[in-house]
Ligand code: C2E
Ligand code: MG
Ligand code: MG
Ligand code: MG
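In full-length UniProt numbering, the protein residues as written are 436 to 727.
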């Protein structure tokens with residue numbers, strides 16, 4: 436058939452497609468080996484309160500590829516999901532993040548620090564997912580309320596009852612639940628109120644143009660109002676400028692994550708930022724209403 440199509444001047448498999456297919460196959464087999472070879476690393480991005488104090492961190496996986504480069508998650512997470520490798524990778528991330536929290540507890544100023552971990556759909560729907568989470572939490576003595584799992588809207592839509600049951604079981608383990616990339620899916624208020632969530636994470640696409648875009652302001656305001664009526668905490672992601680942060684604060688958002696406060700960095704670097712406290716009094720003075 437492809438041959439026939441070729442004769443008609445349409446070729447289904449040209450060289451560039453062939454190249455991208457082999458690149459994918461190569462990436463997949465490298466991904467398979469990467470766990471064994473210990474090529475993954477967790478970076479952590481600060482989450483801050485109104486005063487710029489670090490109250491938590493999101494773990495973001497990095498792949499240090501043997502030929503020197505760092506492959507971004509956008510390139511290998513979807514592939515890991517398709518191939519099922521995400522189960523092993525996700526398990527490793529969970530384990531590593533809990534172990535890291537435990538190590539951090541030896542340092543001053545880390546007491547209430549929360550650690551957020553991204554969970555993929557396949558991982559969440561594993562029959563023994565809750566047991567795995569409970570085991571990791573127990574193994575490292577993670578305090579209740581410290582571990583946050585970041586879920587996405589799409590993954591919660593399938594088999595609603597079972598999803599809600601899993602979420603309740605996770606809550607009983609002492610884990611908190613956050614809804615990542617909020618606003619990009621299809622959640623209705625009706626639906627949201629049934630989910631035992633703790634936090635909504637405003638997607639960075641609404642933050643990007645927030646300052647100049649009245650529609651984005653209206654959306655963010657609506658999300659915040661919705662969160663308030665459901666008694667959920669709100670955090671904005673992708674905060675890059677002080678103008679964005681100030682406007683978010685004005686709209687009622689009190690938790691922020693983004694390059695303004697720090698990029699994702701290795702664990703030790705995050706601890707340096709925790710020890711240093713908010714980046715100087717200069718920043719603190721730009722936060723209105725806090726007197727210092
Ligand atoms: P996400 O969970 O929504 O994470 C936020 C992404 O935004 C991160 O990209 C982060 O580096 C980036 N970011 C943070 N602040 C800013 C900012 O101020 N400006 C801009 N432009 N970007 C910012 P990253 O690390 O490349 O991760 C991309 C996505 O990959 C994540 O989106 C998440 O969906 C997925 N991911 C990362 N680590 C894991 C993991 O361990 N497990 C799973 N299942 N997914 C992961
Ligand atoms: Mg996330
Ligand atoms: Mg997000
Ligand atoms: Mg995202």
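Backbone N, C-alpha and C define an ideal beta-carbon position, used for all residues, glycine too.
Report, in whole angstroms, the separation of the C-beta atoms of residue 618 and residue 579, which I expect to be a contact under 8 Å.
Under the criterion of beta carbons closer than 8 Å, residue 618 and residue 579 do not qualify as touching, at roughly 29 Å.
Let me know the secondary structure DSSP gives residue 530 once reduced to three states.
If DSSP states are grouped into helix, strand and coil, residue 530 belongs with the helices.
Using 10 angstroms around the beta-carbon of residue 502, count the other beta-carbons present and answer buried if the total reaches 16, otherwise exposed.
The residue is exposed, with fewer than 16 neighbouring Cβ atoms inside 10 Å.
Looking at residue 679 and ligand 3, is the gap between the Cβ and the nearest heavy atom below 8 Å?
Checking every heavy atom of ligand 3 against the Cβ of residue 679, none is found closer than 8 Å.
Expressed to the nearest angstrom, what Euclidean distance is found between the alpha-carbon atoms of residue 520 and residue 482?
28 Å
What's the C-alpha gap between residue 499 and residue 450?
29 Å
Go through its chain and collect everything with a Cβ distance to residue 560's Cβ below 6 Å, but skip five positions before and after it.
none
Let me know the secondary structure DSSP gives residue 583 once reduced to three states.
strand
Do residue 522 and residue 508 have their beta-carbon atoms positioned less than 9 Å apart in this structure?
no
With distances taken from each beta carbon to the nearest heavy atom of ligand 2, which residues come in below 5 Å, in chain order?
553, 585 and 615
Chain D beta carbons: is any one of them nearer than 9 Å to that of residue 664?
In the displayed structure, chain D is absent; only one protein chain is listed.
Go to residue 460, then tell me how far its alpha helix (DSSP H) extends in each direction, as first and last residue.
Unbroken alpha helix (DSSP H) run through residue 460: 450-471.
According to the neighbour-count rule (16 or more other Cβ atoms, all chains shown, within 10 Å of its Cβ), is residue 603 buried or exposed?
exposed
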